[in-house]
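A short worksheet on the structure shown next.
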Ligand SMILES: *Cc1c(COP(=O)(O)O)cnc(C)c1O
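Numbering (my numbering), first residue to last: 5 to 398.
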């Protein structure tokens, strides 16, 4: 105890996400931009929103970015834009945040949850193939924890079965996917359409709620621009049932400043992840996340992983006791996600068998996400990793 006190007394307080530390470094420029928007009174659909949209299109290398109010709306609007109809089956991962399945159900589409891959935590390609029926209309891969799903295989399946692909890119903005021939594309620019979230703790987060939809399809972009604005394509002519979903100018101004820094923010996350990986090397009961085995398997190191979360699997140890111990030592951590979606009350269904989800059922017992953000320092990482290792081996 005494020793831990001595170590931690000189150390910055450890946080799961350090928004304050990050803000302090860009405070001057952010404050000036926000004041500028306040002064302009162009609070909604102002020039800052348009400017951010253009800058994000350039950054991603995608033809259209349509800003909206949050990442959940973005998913819903993407599905509305594709014209999916009640009863259409949409395949997505059992191991993800509930927003993904929520909007499928809300639109009266039929969610089809499938198992994930134990190494990448992303949707399992063979499980997708098995789940396809004549009613299947779309696949929603979620680039979980900052790592791109196996898009090359997923796009191939989609093409051969004539399915739409909607990428849930809320956790992986800035991640680069590498195809087997070596060509690269940014996560969120590969499927028919993608959604993202600018929730404050995401890799590109604003200071409130925000989201966006990406697509390279001109017609779909046009449809979606009407849907986000009450189904209006001409003022006060409502051609389709739409929604009201907007990114406000203050958030756009903040996002523009953070977009310029997104690559360096993601690099800081990768540096922290590598330091964690190194410290856990040779630990039999700790499985670290890897960036090497994904994409087509040829990318070096952790390029395709932008570490929205740094998530371990722990073996032969009481995970919940580890969480408690870390919290007692002043180390916040998270369990993403403790319950598979197929067992959530809102989404249970007779169609599912427990034997269809061996990986998810195992992961929910083993996963633990350690502090991950742009401001972690070596001393904090050393304290976190030694605390984890001591507990796991005790
Ligand atoms: C955060 C998140 C969302 C929802 O984004 P909001 O902006 O909070 O609505 C959707 N999907 C995934 C995978 C997320 O992590």
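C-beta: ideal position from N, C-alpha, C; glycine also. Treat the numbers as computed from the prediction; the structure is a model and nothing was measured.
- request: With a threshold of 16 other CB atoms inside 10 Å of the CB of residue 54, please say whether the residue is buried or exposed.
  value: Under this definition residue 54 is an exposed residue.
query: Taking the Cβ atom as the reference point for each residue, do residue 235 and residue 242 lie within a distance shorter than 7 Å?
result: yes
query: Around the Cβ of residue 190, are there at least 16 other Cβ atoms within 10 angstroms (buried) or fewer (exposed)?
result: buried
- request: Round the Cβ separation of residue 96 and residue 108 to the nearest angstrom and send it over; I've been treating them as touching at under 8 Å.
  value: 7 Å
field: Whether residue 364 touches residue 120 by CB criterion (7 Å)
entry: yes
With 16 other Cβ atoms within 10 Å as the buried cut-off, status of residue 76: The residue in question, residue 76, is buried, as its Cβ has 16 or more Cβ neighbours within 10 Å.
- request: Since I believe residue 216 is in contact with residue 78 (beta carbons under 8 Å), could you give me their beta-carbon distance rounded to a whole number of angstroms?
  value: Sure, about 6 Å apart at Cβ, within 8 Å.
- prompt: Mind pulling the alpha helix (DSSP H) runs of 4 or more residues that sit fully within the region 88-148?
  reply: 103-110 and 129-135
- prompt: Would the beta-carbon of residue 182 be found less than 6 Å away from any heavy atom of ligand 1?
  reply: no
- prompt: Is the Cβ of residue 102 closer than 7 Å to any Cβ of chain C?
  reply: Looking for chain C here will not work: only one protein chain is present.
- prompt: So, is residue 167 buried or exposed, given that buried needs 16 or more other C-beta atoms within 10 angstroms?
  reply: buried
message: Out of 33, 87 and 202, which one is the CA nearest neighbour of residue 71?
response: 202
Assigned exposure category for residue 31 - 16 Cβ within 10 Å defines buried: Looking at its Cβ environment, which holds fewer than 16 other Cβ atoms inside 10 Å, residue 31 is exposed.
query: Between 314, 273, 270 and 271, which lies nearest to residue 291 when the distance is taken from Cα to Cα?
result: Per the Cα distances, 314.
field: Residue burial classification, residue 162 (beta-carbon count within 10 angstroms, cutoff 16)
entry: Per the 10 Å Cβ criterion, buried.
message: Please tell me whether, using a cut-off of 6 Å, the distance from the CB of residue 172 to the nearest non-hydrogen atom of ligand 1 is below it.
response: yes
- prompt: Is it the case that the CB of residue 350 approaches a heavy atom of ligand 1 more closely than 6 Å?
  reply: No - ligand 1 has no heavy atom lying nearer than 6 Å to the Cβ of residue 350.
- prompt: For the candidate residues 15, 222, 214 and 105, whose alpha-carbon lies nearest to that of residue 94?
  reply: 105
Contained alpha helix (DSSP H) runs [length at least 4] in the region 334-373, N- to C-terminal order: Taking only runs of at least 4 residues, the alpha helix (DSSP H) segments lying wholly in the region 334-373 are 362-370.
Residue 169 beta carbon near ligand 1 (any heavy atom closer than 6 Å): no
- prompt: Straight-line CA distance for residue 280 to residue 385?
  reply: Roughly 7 Å separates the two Cα atoms.
- prompt: Taking the DSSP output, what are the residues bridged to residue 198?
  reply: 171 and 218
- prompt: For residue 72, which residues does DSSP report across the bridge?
  reply: 215
message: Using a Cβ-based criterion (distance less than 6 Å to any ligand heavy atom), does residue 103 qualify as near ligand 1?
response: Yes, Cβ of residue 103 sits closer than 6 Å to a heavy atom of ligand 1.
query: Where does residue 58 fall in DSSP's three states?
result: helix
- prompt: Three or more beta-carbon pairs under 8 Å between the region 369-381 and the region 269-280, yes or no?
  reply: yes
- prompt: Just to confirm, does residue 371 get its C-beta within under 6 Å of one of the non-hydrogen atoms of ligand 1?
  reply: no
field: Length of the line joining the Cα atoms of residue 210 and residue 222
entry: Each residue's alpha carbon lies about 27 Å from the other.
message: Looking at ligand 1, does it come within less than 6 Å of residue 338, judged from the CB to the closest heavy atom?
response: no
- request: Taking 7 Å as the cut-off, decide whether the C-beta atoms of residue 132 and residue 118 are in contact.
  value: yes
task: Go ahead and pull the three-state DSSP assignment for residue 285.
output: coil
- request: Might you give, ordered along the chain, the residues of its own chain that have their beta carbon closer than 7 Å to the beta carbon of residue 204, omitting 5 neighbours on each side?
  value: Excluding five sequence positions before and after residue 204, the CB atoms of its chain that fall closer than 7 Å to its own CB belong to 23, 210 and 211, given in chain order.
message: If I follow the unbroken beta strand (DSSP E) through residue 27, where does it start and stop?
response: In the DSSP annotation of this structure, residue 27 is not part of any beta strand (DSSP E); the continuous alpha helix (DSSP H) holding it starts and ends at 23-44.
field: Residue range of the beta strand (DSSP E) that includes residue 316
entry: 314-318
- request: Taking only the alpha-carbon atoms, compute the straight-line gap between residue 341 and residue 206 and give it to the nearest angstrom.
  value: 16 Å
message: Let me check you understand the geometry: is the CB of residue 175 closer than 6 Å to at least one non-hydrogen atom of ligand 1?
response: yes
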